[in-house]
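The block underneath contains the structure these notes are about, expressed in structure tokens.
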Amino acid sequence: MGLIETLRFRVLPYWKTYVLVLLPLILLPLPVIGQGKEARAGYVIIIMAVFWMTEALPLAITSLLPVVLFPLLGIMGTGKVCTAYMKETNMMFIGGLMVALTIEHCNLHKRIALRVLLLVGASPRWLMLGFMLTTMFLSMWISNTATTAMMVPIVEAVVQELFKDGEEEMKREPNVRMVPDGMSTCSSNNTLEIDLDSSESQNLEAVSIDSIADVGKSCQELTAASADQRSYSCTTHEYKQTIRTCVLMSIAYSSNIGGTGSLIGSSPQLALKGILDELYGSAPGLNFASWMAFNVPGMLINTFLAWIWLQCLFLGFKRTTADDNTQAAVIKKLIRRKYEELGPMTFHELATLILFILCVALWFFRDPQFITGWAEFLPAVEVDDATAVMTIVLLLFIIPAKPRFWNRDTAERNRAGPSPALLEWKLVQDRLPWGIVLLLGGGFALSDASKASGLSSWLGDQLAVLSFLPPFAIMLIICIMTAAVTEVASNTATANILLPILAEMAVTIKVNPLFLMLPATVTCSYAFMLPVATPPNAIVFAAGRMNPTDMVKAGLLMNIVCVVVICVLMASFGSFMFGFDEFPDWAVPQVKNATMTTLSQFSNCTSP
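Residue numbers for the sequence shown follow the working numbering, so the first one is 2 and each next one is one higher.
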């Protein structure tokens, strides 16, 4: 007991301190005994990987370790390390976040969400799909966390409305007992009996409703009480909890999946773009247009499968009844009322929407490959996506949010002082996730150091033992391992560590680097099992007061399904798009050129 108490009160509360102090000491023989820069770079990468996974230090602070350790260990100079934190990809990410902040600031995302929910219909089955499609679309462009946080209150309002009639019914008929569908019979005296105490009866909020995904009758028949049936009684709170769990979980799933649909949807794909640009330039042909052309079909497939799976697991299927149509009308009225509360579209929203569409068009048509991109009309220099988005950002800071000519109110038109801009710096300063920017930069610094030290080449050679396996099997193994790691580690950190290794491994086993790197990047966002895996998971877990077992049970199959879908797409549609049948020429010169450069430098140093 003494040992247990010591561990409980003196060790466990300070476990982060022990990790921070002991891990570098335990790994110290690696840079001391190991020969060359590879061992020293490996020392830093292992420390950062453990710190990222355990969060012994904040993720952003761990990302700054390369600035300290790489120069001190003789791996890279301070100037070269620091430039990794503000590459073109980082600038594109910052610009995309500013556009997303503007959308959130003017409530355009809420207007889009409510409008889509009105269009898809208000029957429970289609309402759930509407939630998922809306969340998926918004997550392609704005933060997954912001999308989920915005959708959760809407879900709660809909669930409350579903049970509103039941609460009124309970007030009118106090002798009510509710049992699951298929377990009710009528007694001979046709009396109703309540199987709840008084405190619970005050919290009852629903009878005879359909759940969000055509949930089935779900404990909604009024029954005559009998002693042997009381074991089946359940409270409306339990019904509501089942509905809430299902719909909130669908929000988290569609948010994670939707983040893979565009190049700015999640940070792992930006990490991929930055590493590919560093290693191969624009040769791989991966840009905004090609990413969407490949990943949007997989995103839609996974969202649809998630919709089906959650219904099977939590709700079931049944035909729509007259009561269902009545409830659908109530829900549609609620959504319409919330939409009308937003009022007419303001100039702020309209201008933001136009600039957002213009930004996506500039990204998509910069180098679409099926037609001449606008960047090709500027052949003197290379124009990338950061230039396009920063142009839009400048306009956001210039255009007024409330121009006088737009306002019909005389007092508003005669107000003193200029109008605020569509986006103001204080909002950016307060709400931009600067930590993610540092996290991306830390990953690029690791990639540069792995390449400069030769660690990536060494790891690629060690992984060459897998060359006897078919390429599809290797890709499947990598995706399964990535899906497991990203459940307990940041998806960006996972991508930063894994992608440089996969690039070298692909060259070693003679497959297109995209064949391994692209599915691994997408899989970094497939974290559905644990509340800590992604911010959307954590938000819905807390909002729905879920059972962790339910999340693990539902998420396990979703992980498997999404991994299988991305691997099948890579072997079929991906091979058509990127040409995976042959080892590309653009991947070969990188190794040769690096070798020739090294030999040339050695020759210059040894020549008299």
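Glycine is no exception: its CB is placed at the ideal position from the N, C-alpha and C atoms.
Could you check where the alpha helix (DSSP H) with Q270 kicks off and where it finishes?
-> Locating residue 270 in the sequence shown gives position 269, where the first residue counts as 1. Looking at the DSSP string, the run of the alpha helix (DSSP H) that includes Q270 is S268 to Y281.
Have a look at the DSSP bridge pairing and note the partners of P401.
-> In the sequence shown, counting from the first residue as 1, residue 401 sits at position 400. DSSP lists A422 as partners of P401.
From I478 to L60, what does the alpha carbon distance come to, in whole angstroms?
-> Your numbering for residue 478 matches position 477 in the sequence shown. Your numbering for residue 60 matches position 59 in the sequence shown. Going from the Cα of I478 to the Cα of L60 covers about 27 angstroms.
According to DSSP, is K17 helix, strand or coil?
-> Translated into positions along the sequence shown, residue 17 becomes position 16. Of the three classes helix, strand and coil, the one that applies to K17 here is helix, per DSSP.
Around the Cβ of I95, are there at least 16 other Cβ atoms within 10 angstroms (buried) or fewer (exposed)?
-> Counting from 1 along the sequence shown, the entry for residue 95 is found at position 94. That one is buried.
With DSSP run on the structure shown, which of helix, strand or coil describes P369?
-> For the purposes of this step, residue 369 is taken as residue 368 along the sequence shown, with counting starting at 1. It is coil, neither helix nor strand.
Looking at T261 and S526, is the spacing between their C-beta atoms short of 8 angstroms?
-> Counting from one through the sequence shown, the residue named residue 526 turns up at place 525. Counting from one through the sequence shown, the residue named residue 261 turns up at place 260. Their beta carbons are under 8 angstroms apart, which means S526 touches T261 by this criterion.
N- and C-terminal bounds of the alpha helix (DSSP H) containing I95 | Within the sequence shown, residue 95 is the residue found at index 94, counting from 1. I95 -> alpha helix (DSSP H) spans E89 to H106.
Indicate the three-state DSSP secondary structure (helix, strand or coil) for C187 in the structure shown.
-> By one-based count along the sequence shown, residue 187 stands at place 186. Note on C187: pLDDT 36, under 50, position unreliable in the model; no value is reported.
Compute every distance between the C-beta of W375 and the non-hydrogen atoms of the ligand ADP, then say whether any falls below 7 angstroms.
-> What this structure holds is no ligand at all, so the ligand ADP is not there to describe.
Does any residue of chain B bring its CB to less than 8 angstroms from the CB of S526?
-> Within the model displayed, chain B is absent; a lone protein chain is all it includes.
Contact between the segment 507–518 and the segment 540–549 (3+ Cβ pairs under 8 angstroms) = no
Is the beta carbon of I150 less than 8 angstroms from the beta carbon of I540?
-> One-based indexing of the sequence shown puts residue 150 at position 149. One-based indexing of the sequence shown puts residue 540 at position 539. In the sequence as presented, Ile is not what sits at residue 150; that position holds Ala. A contact, by the Cβ cut-off of 8 angstroms.
Pick from A555, A534, L570 and V566 that is closest to T146, judged by C-alpha positions | Within the sequence shown, numbered from 1, the residue matching residue 146 stands at position 145. That would be A534, whose Cα lies nearest to the Cα of T146.
At least three beta-carbon pairs within less than 8 angstroms, the segment 13–33 to the segment 42–52 | yes
Measure the C-alpha to C-alpha separation of T388 and L280 and round it to an integer number of angstroms.
-> Taking the first residue of the sequence shown as position 1, residue 388 is located at position 387. Taking the first residue of the sequence shown as position 1, residue 280 is located at position 279. Approximately 21 angstroms, taken between the alpha carbons.
Span of the alpha helix (DSSP H), counted from its first residue to its last, around A507 | Here residue 507 is taken as the residue at index 506 of the sequence shown, counted from 1. Looking at the DSSP string, the run of the alpha helix (DSSP H) that includes A507 is N492 to I510.
Going by CA-CA distance only, name the one from Y86, L21 and Y254 that's closest to T135.
-> In the sequence shown, the residue the question calls residue 135 occupies position 134. The shortest Cα separation from T135 among Y86, L21 and Y254 belongs to Y254.
Span separating the alpha-carbon of I195 from that of E239 | Along the sequence shown, read from residue 1 onward, the residue named residue 195 stands at position 194. Along the sequence shown, read from residue 1 onward, the residue named residue 239 stands at position 238. Interpretation of I195 is limited by its pLDDT of 33, a score under 50 that renders its predicted location unreliable; the figure taken from the coordinates is listed afterwards. Their Cα atoms are separated by approximately 16 angstroms.
Neighbourhood of D229 by C-beta, 8 angstroms cutoff - its chain only, sequence neighbours within 5 removed | For the purposes of this step, residue 229 is identified with residue 228 of the sequence shown, where counting begins at 1. For D229, the pLDDT reaches just 39, beneath the cut-off of 50, and the residue's location in the model is therefore unreliable, although a value from the coordinates is still provided. Taken in chain order, the list of residues that qualify is empty.
Measure how close the beta-carbons of D462 and T509 come, nearest whole angstrom, since I'm counting them as under 8 angstroms.
-> Residue 462 sits at position 461 when you count from the first residue of the sequence shown. Residue 509 sits at position 508 when you count from the first residue of the sequence shown. Confirmed, about 6 angstroms.
Classify K17 as buried or exposed, calling it buried when 16 or more other Cβ atoms lie within 10 Å of its own Cβ.
-> In the sequence shown, counting from the first residue as 1, residue 17 sits at position 16. Per the 10 Å Cβ criterion, exposed.
Check whether the segment 375–385 touches the segment 352–367, counting contact only when three or more Cβ pairs, one atom from each stretch, lie closer than 8 angstroms.
-> yes
If we ignore side chains and look at the alpha-carbon of each, how far apart do L66 and P434 end up?
-> Position 65 of the sequence shown, counted from the first residue, corresponds to residue 66. Position 433 of the sequence shown, counted from the first residue, corresponds to residue 434. Looking at the two C-alpha atoms, the distance is approximately 19 angstroms.
Tell me whether the beta-carbon of V331 lies closer than 8 angstroms to the beta-carbon of E157.
-> If you number the sequence shown from 1, residue 331 lands on position 330. If you number the sequence shown from 1, residue 157 lands on position 156. Contact: no.
Using 10 angstroms around the beta-carbon of F378, count the other beta-carbons present and answer buried if the total reaches 16, otherwise exposed.
-> Taking the sequence shown and counting its residues from 1, the one referred to as residue 378 is at position 377. Classification for F378: exposed.
Counting only the same chain and skipping the five closest in sequence on each side, list residues whose C-beta sits under 7 angstroms from that of T103.
-> Taking the sequence shown and counting its residues from 1, the one referred to as residue 103 is at position 102. The answer, listed in chain order, is T353, L397, L423 and L424.
Is DSSP giving G262 helix, strand or coil here?
-> For this step, residue 262 is matched to residue 261 along the sequence shown. G262: coil per DSSP, three-state reduction.
Closest to L519 by CA distance: which of G80, T483 and V553 is it?
-> Position 518 of the sequence shown, counting from 1, holds the residue named residue 519. Nearest option by C-alpha distance: T483.
Classify I210 as helix, strand or coil using the three-state DSSP reduction.
-> One-based indexing of the sequence shown puts residue 210 at position 209. Because I210 sits at a pLDDT of 32, beneath the cut-off of 50, its placement in the model cannot be relied upon, and the following sentence gives the value as read from the coordinates. Reduced to three states, the DSSP call for I210 is coil.
At which residues does the alpha helix (DSSP H) containing G442 begin and terminate?
-> The sequence position of residue 442 within the sequence shown is 441, counting from 1. Segment W435 to S454, the alpha helix (DSSP H) holding G442.
Specify the secondary structure class of L193 as computed by DSSP and reduced to three states.
-> Residue 193 sits at position 192 when you count from the first residue of the sequence shown. Its pLDDT being 33, under 50, L193 is placed unreliably in this model, and the coordinates cannot settle the point.
Residues near W142 in its chain [Cβ-Cβ closer than 6 angstroms; skip 5 each side] = To locate residue 142, count along the sequence shown from 1; it is residue 141. So the list is empty, once near-sequence residues are dropped.
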